[in-house]
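Have a look at the structure below before the remarks.
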Amino acid sequence: MNKPDDQGRFEAENRREAEAADEYSRGLTPPEEEVPPGLITWYGGIHRAFDLRVKGASLMGPGIFWLLIFLAVPATGLIVLSLAQRGSFGEIQWVFSLENYKRLIGYGLFGWTPDHLIILGRSLLVGLITTILCLVLAYPLTFYIATRSPKVRTWLLFLLMVPFWTNVVVRTYAWLLILSPQLPPAQLAGFMGLIQPGTPLYPGSFATYLGMVSTFLPFMALPLYSSVERLNWELLEAARDLYASRIQVFTQAILPQTRPGLTVGVIVTFVPAMAMFVVTDLLGGSRYMLIGNLIQQQFGQSRDWPFGAALCLALMLLTMIGLMLYRRWGDLDGNGSGHGERK
Amino acid sequence: MTGQIELGLLVAQVQKSFGSHKALKGVDLEVRKGEFFTLLGPSGCGKTTLLRIIAGLELPDSGHVFLGGKDITRLPAAKRQVNTVFQSYALFPHLNIFENVAFGLKARQVSLPEVRKRVAEKLEMLGLDGLEKRYPHQLSGGQKQRVALARALVNEPDILLLDEPMSALDAHLRAQVQEDLRRLQRTIGQTFILVTHDQDEAMVVSDRLAVMKDGLVEQVGAPRDVYSKPRNKFVAEFLGAANIIQARRDGGRVVTDFGSFDLSSAPQWDEGTLAIRPEHIQLSDAPNGDPNWVQAKVREAIYRGQSLDLWLDPGPVRVRTHAKGRLAPGDQVSLFFPPEDLVALDKAE
Amino acid sequence: MNKKRPIVAVVAIASLIFLYIPSVAVAVFSVNNAKYGLTWKGFTWKWYEMLFQNEIILEAALNSLFVALVSTAVATLLGTALALGLDRFPWPRRLGKVMDLLVHLPVVTPDIILAAALVVTFSVLRNISSSFDMGMLTLVLGHITFQISFVTLVVRSRLASLGRDIDEAARDLYASGTYLFFRVTLPLLMPGILAGAMLAFTLSLDDFIISFFTHGPDSVTLPIYIYSSVRRGISPEIHALSTLVMLATVILVIVAERVSRFRKE
Numbered sequence: 019m020n021k022p023d024d025q026g027r028f029e030a031e032n033r034r035e036a037e038a039a040d041e042y043s044r045g046l047t048p049p050e051e052e053v054p055p056g057l058i059t060w061y062g063g064i065h066r067a068f069d070l071r072v073k074g075a076s077l078m079g080p081g082i083f084w085l086l087i088f089l090a091v092p093a094t095g096l097i098v099l100s101l102a103q104r105g106s107f108g109e110i111q112w113v114f115s116l117e118n119y120k121r122l123i124g125y126g127l128f129g130w131t132p133d134h135l136i137i138l139g140r141s142l143l144v145g146l147i148t149t150i151l152c153l154v155l156a157y158p159l160t161f162y163i164a165t166r167s168p169k170v171r172t173w174l175l176f177l178l179m180v181p182f183w184t185n186v187v188v189r190t191y192a193w194l195l196i197l198s199p200q201l202p203p204a205q206l207a208g209f210m211g212l213i214q215p216g217t218p219l220y221p222g223s224f225a226t227y228l229g230m231v232s233t234f235l236p237f238m239a240l241p242l243y244s245s246v247e248r249l250n251w252e253l254l255e256a257a258r259d260l261y262a263s264r265i266q267v268f269t270q271a272i273l274p275q276t277r278p279g280l281t282v283g284v285i286v287t288f289v290p291a292m293a294m295f296v297v298t299d300l301l302g303g304s305r306y307m308l309i310g311n312l313i314q315q316q317f318g319q320s321r322d323w324p325f326g327a328a329l330c331l332a333l334m335l336l337t338m339i340g341l342m343l344y345r346r347w348g349d350l351d352g353n354g355s356g357h358g359e360r361k
Numbered sequence: 007m008t009g010q011i012e013l014g015l016l017v018a019q020v021q022k023s024f025g026s027h028k029a030l031k032g033v034d035l036e037v038r039k040g041e042f043f044t045l046l047g048p049s050g051c052g053k054t055t056l057l058r059i060i061a062g063l064e065l066p067d068s069g070h071v072f073l074g075g076k077d078i079t080r081l082p083a084a085k086r087q088v089n090t091v092f093q094s095y096a097l098f099p100h101l102n103i104f105e106n107v108a109f110g111l112k113a114r115q116v117s118l119p120e121v122r123k124r125v126a127e128k129l130e131m132l133g134l135d136g137l138e139k140r141y142p143h144q145l146s147g148g149q150k151q152r153v154a155l156a157r158a159l160v161n162e163p164d165i166l167l168l169d170e171p172m173s174a175l176d177a178h179l180r181a182q183v184q185e186d187l188r189r190l191q192r193t194i195g196q197t198f199i200l201v202t203h204d205q206d207e208a209m210v211v212s213d214r215l216a217v218m219k220d221g222l223v224e225q226v227g228a229p230r231d232v233y234s235k236p237r238n239k240f241v242a243e244f245l246g247a248a249n250i251i252q253a254r255r256d257g258g259r260v261v262t263d264f265g266s267f268d269l270s271s272a273p274q275w276d277e278g279t280l281a282i283r284p285e286h287i288q289l290s291d292a293p294n295g296d297p298n299w300v301q302a303k304v305r306e307a308i309y310r311g312q313s314l315d316l317w318l319d320p321g322p323v324r325v326r327t328h329a330k331g332r333l334a335p336g337d338q339v340s341l342f343f344p345p346e347d348l349v350a351l352d353k354a355e
Numbered sequence: 363m364n365k366k367r368p369i370v371a372v373v374a375i376a377s378l379i380f381l382y383i384p385s386v387a388v389a390v391f392s393v394n395n396a397k398y399g400l401t402w403k404g405f406t407w408k409w410y411e412m413l414f415q416n417e418i419i420l421e422a423a424l425n426s427l428f429v430a431l432v433s434t435a436v437a438t439l440l441g442t443a444l445a446l447g448l449d450r451f452p453w454p455r456r457l458g459k460v461m462d463l464l465v466h467l468p469v470v471t472p473d474i475i476l477a478a479a480l481v482v483t484f485s486v487l488r489n490i491s492s493s494f495d496m497g498m499l500t501l502v503l504g505h506i507t508f509q510i511s512f513v514t515l516v517v518r519s520r521l522a523s524l525g526r527d528i529d530e531a532a533r534d535l536y537a538s539g540t541y542l543f544f545r546v547t548l549p550l551l552m553p554g555i556l557a558g559a560m561l562a563f564t565l566s567l568d569d570f571i572i573s574f575f576t577h578g579p580d581s582v583t584l585p586i587y588i589y590s591s592v593r594r595g596i597s598p599e600i601h602a603l604s605t606l607v608m609l610a611t612v613i614l615v616i617v618a619e620r621v622s623r624f625r626k627e
């Protein structure tokens, strides 16, 4: 192509362009006015926003309605219920007072006792200790699984999934069996003078934590694994080269990178552990009564629903406080090092 | 049909905002039937938004889009004779290649024998025959891209839109695919509109291109014209290396720090900037007294394989010459600035 | 680096063994020929035979299965629709957040509170109809309530991973809304729906607390049966039953694994 030819082509095109534009302006579809505000593009279609919302609401409707009727409304109802009183035959007397909350913090017929507060505190403590124990075991476990060959990894994960799904009643019951007096663990403990010979290893704190950890370890390990699997191993090596100290490798390189899985793990362990009632009921005995057992009593034998409702609210409050504290801690730490966010 | 001008695509005064961000600030554009047109610009210039408006995937806040003389501004994508090759290709992962390509035809209830015929045709044309039963995740990047092309082209759209179709490909594959794409378009003669931020790609494939910046079209024209006659500094620099030279007008000539020059078209300003491509400056050892010859000294020489870049004093001026030249810093050179290659730029607003 | 850390391997393997001690112990005792006590008296299948002659246990197993099937079917339907409605429609941000909270509520609330709330609901509904007396209906309703959320969350994460451009490509290729839904959205969503349903089914079979609060005399499920028998005292039949429940879990996990592997393809 040489220059003048190109120039000619350019001008001819310009002329054609002008003519074409002229053609448009004459006698073609009259341009419509501005797009009406209700019209939007959505996933490749053009719709009226109103129509979309009607359709969306009709899809969501049944599910949302269900959750409102069976969950949101009754949960709110618990607040009202917690202000009522138990009648002499377990019926509900709609006399509103803060009596149940007074009872909760210990003021009863016979003056002040710390019984209920101890149960609340114990629930928190058991939740906390269970979470920490699970954490301590879950890190080595997930690291071990993540560093195996893909085939072995699939198998180990499968091994972790099965207890996750095994019924808690079945598993707790299994511990009862193992800790019974005829079997070696209890006999050994008896021999060493830790317990009366011929008695089982339950009820007690040892049995309780055994049951709790075996129940919740998979809850902690599975979410944690999803983070450990994606860990940047080079960063760990770098950290090891730079810091040398194992604790620093953990806090500076591992912890920030595994925070997402850790957060999920802590929440799904702590919340149900605190409210646990099967394990403590079967393995803990009366000395290991948690708030879950207390609630169950109110809705069961005692038929004191209003007090049960007040306990539920207290448990919800404990849960929220726990989660909030954890989030606060997580945020502070996250801002401090910030490796995790950069990924 | 003879004698009638074939109507292509006309974009008139199109504006679009996302929240407070104005993506398009009144764009006018005409794309002729059968041409390969490119929307070129840096990211965030609004080119993809414009493409999506043409595709019917986005509604403009104001303005209109005409296709073949009809206002299609509010016609949904599903009713436009316009098909798109998405940046991610967006192949249907659950359908095999045949079903992917047949999707558009089946959606319009084309008879099955006809679907088979047309799909087979397009698969063959794009060298995909034999892959009918494969699934997208079993294909290479280049194959995926061709499936996306086949899937769109099988519908024989009035316009084929391509949204950065090369961005997912390896660099070494890209040059090859660009040439293939250009050849394909010339063969089938359909209108293609490509969106890209890569000026080389735009040069290779386009009949005409539009350079966009901040929601406005800066310049439209054939690649050669836009490259050698940039309208302003942005276009000059976006399309490749350019010397931007401060100058003022003095009678028929312009005066710069290192000499005065004749221009083939006189500037509109009294004081402003000139542009010239480094490879358009001619180099010689001996001056010949022509008015556009100047003397300079080599400050720095950069070997680039296929060319040699010289930074000159007085400057800053870059000259691109044959790599065979053996020039070293300190050497004296004479330069010729061809009047037709010296372009007076519009003043920036 | 951990290959050089024996302590990591030791703790990991010990933890895994620890997780399996209870299951293995129960399985062993389920074939132990001793009515009382736990000393090994030889191998027997008789506890399993007795188990299959025990009509109460069979009924409990049927109840568990029935509740799981019905509640999963309903929850999958409602949860999938809810996920579609939440994810694929232009809700104002604030409304979206409120809905989000509502959907997450059953997941973050301790089961026992959910159970208490359900007990209260049913006692109110009982004033309308006696079919809300604790029994099969209340049990199913209770299970659906927590299942919906899990199905919704699973399906929704799948929806989010599908992205917008697949839909746009389908529209661009002349698909009508119905065609798009049945030819693209639904098939692509199916693995998510199946995974959600599997999760719901397993959660229902596994549930104890909510069942414990909302069941009636005619709707005792396996976990409830085991719990009440344990309170009465351990018996070899329960070992056998527990072993079978664990085996069922293993099978379910394998099936779920297959489903999720299919999803990845």
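Chains as they are written, first to last, in my numbering: chain A, 19 to 361; chain B, 7 to 355; chain C, 363 to 627. Note that CB positions come from ideal geometry on N, CA and C, so glycine has one too. Since this is a predicted model, take the numbers as computed values, not measurements.
Check                                                                                                                                                             : Outcome
How far does the alpha helix (DSSP H) with Ala443/C in it reach, from first residue to last?                                                                      : 417-449
Whole angstroms are fine: how far does the CA of Val267/A sit from the CA of Leu550/C?                                                                            : 42 Å
Ile64/A CB to nearest chain B CB: under 8 Å?                                                                                                                      : yes
With a threshold of 16 other CB atoms inside 10 Å of the CB of Pro290/A, please say whether the residue is buried or exposed.                                     : buried
Arg44/A: buried (16+ other C-beta within 10 angstroms of its C-beta) or exposed?                                                                                  : Note that Arg44/A scores a pLDDT of 46, beneath 50, so its modelled location is shaky; the value from the coordinates is reported in the next line. Looking at its Cβ environment, which holds fewer than 16 other Cβ atoms inside 10 Å, Arg44/A is exposed.
Can you tell me whether Asn394/C is helix, strand or coil according to DSSP?                                                                                      : strand
Let's see if you can read the secondary structure: which residues bound the alpha helix (DSSP H) around Lys85/B?                                                  : No alpha helix (DSSP H) contains Lys85/B, which DSSP labels as neither H nor E.
Could you round the C-beta distance between Arg533/C and Gly63/A to whole angstroms and report it? I think they count as a contact, below 8 Å.                    : 6 Å
Going straight from the alpha carbon of Leu195/A to that of Thr269/A, what length do you get?                                                                     : 40 Å
Using DSSP bridges, identify the partner residues of Asp319/B.                                                                                                    : Lys303/B
Using the C-alpha atoms, what's the distance from Asp164/B back to Gly406/B?                                                                                      : The structure shown does not extend to residue 406/B, since chain B is modelled only from 7 to 355, so the question has no answer here.
Tell me the DSSP secondary structure of Asp347/B in three-state form.                                                                                             : helix
Can the beta-carbon of Gly74/B be found closer than 8 Å to that of Leu13/B?                                                                                       : yes
Confirm, please, whether the CB-CB distance from Phe267/B to Leu318/B is below 8 Å.                                                                               : no
With a threshold of 8 Å between beta-carbons, can Phe88/A be considered close to chain C, or not?                                                                 : yes
So the candidates are Gly595/C, Ala602/C, Leu606/C; which of them puts its Cα closest to the Cα of Asn394/C?                                                      : Ala602/C
Against Trp84/A, what residues of chain C qualify as contacts under a CB-to-CB distance less than 8 Å, listed in chain order?                                     : Leu440, Ile506, Thr507, Ile510
Taking Val201/B and Lys53/B to be in contact with their CB atoms under 8 Å, please state how far apart those CB atoms are, rounded to whole angstroms.            : 5 Å
Measuring only the C-alpha atoms, how far is Lys112/B from Leu118/B?                                                                                              : 8 Å
Give the residues of chain B in contact with Leu57/A, contact being defined as C-beta atoms less than 8 Å apart.                                                  : Leu65, Arg80
Leaving out five residues on either side along the sequence, give the residues of the same chain with a beta carbon under 7 Å from the beta carbon of Glu224/B.   : Val217, Met218, Arg237, Asn238, Phe240, Val241
Nearest-angstrom Cα distance between Ser523/C and Ala618/C?                                                                                                       : 20 Å
By a C-beta neighbour count over all protein chains shown, 10 Å radius and 16 as the cutoff for buried, is Leu132/B buried or exposed?                            : buried
For Phe391/C, return the contacting residues in chain A, with the cut-off set at a CB-CB distance below 7 Å.                                                      : Leu195
Whole angstroms are fine: how far does the CA of Asp77/B sit from the CA of Glu51/A?                                                                              : Legend: pLDDT at Glu51/A = 47, less than 50; position of this residue unreliable, value from coordinates given subsequently. Distance between the alpha carbons of Glu51/A and Asp77/B is about 12 Å.
Going by other Cβ atoms of all chains shown within 10 Å of its Cβ, with 16 needed for buried, is Pro66/B buried or exposed?                                       : buried
For Phe88/A and Phe484/C, what's the separation of their Cα atoms in angstroms?                                                                                   : 9 Å
Name, please, each residue of chain A whose Cβ falls closer than 7 Å to the Cβ of Ala83/B.                                                                        : Gly62
Quick check on this structure: which residue in Ala376/C, Tyr382/C, Glu411/C, Val615/C has the alpha carbon closest to the alpha carbon of Pro598/C?              : Glu411/C
Below 7 Å CB to CB, which residues in the same chain sit around Val160/B once its five sequence neighbours on both sides are set aside?                           : Val107, Gly110, Leu111, Arg124, Val125, Lys128
So which residues of chain C does Gly110/B contact, with C-beta pairs closer than 7 Å?                                                                            : Leu535, Tyr536
How far does the beta strand (DSSP E) with Lys219/B in it extend, from its first residue to its last?                                                             : 214-219
From the DSSP output, read off the bridge partner residues of Ile58/A.                                                                                            : His65/A
Using only CA atoms, which one of Val286/A, Gly318/A, Gly211/A lies nearest to Leu153/A?                                                                          : Val286/A
When the Cα atoms are used, what is the spatial distance from Val188/A to Phe570/C?                                                                               : 10 Å
Below 8 Å between beta carbons is the criterion; list the residues of the stretch 437-461 of chain C that meet it against any residue of chain A, in chain order. : Leu440, Gly441, Ala443, Leu444, Leu446, Gly447, Leu448, Arg450, Phe451, Pro452, Trp453, Met461
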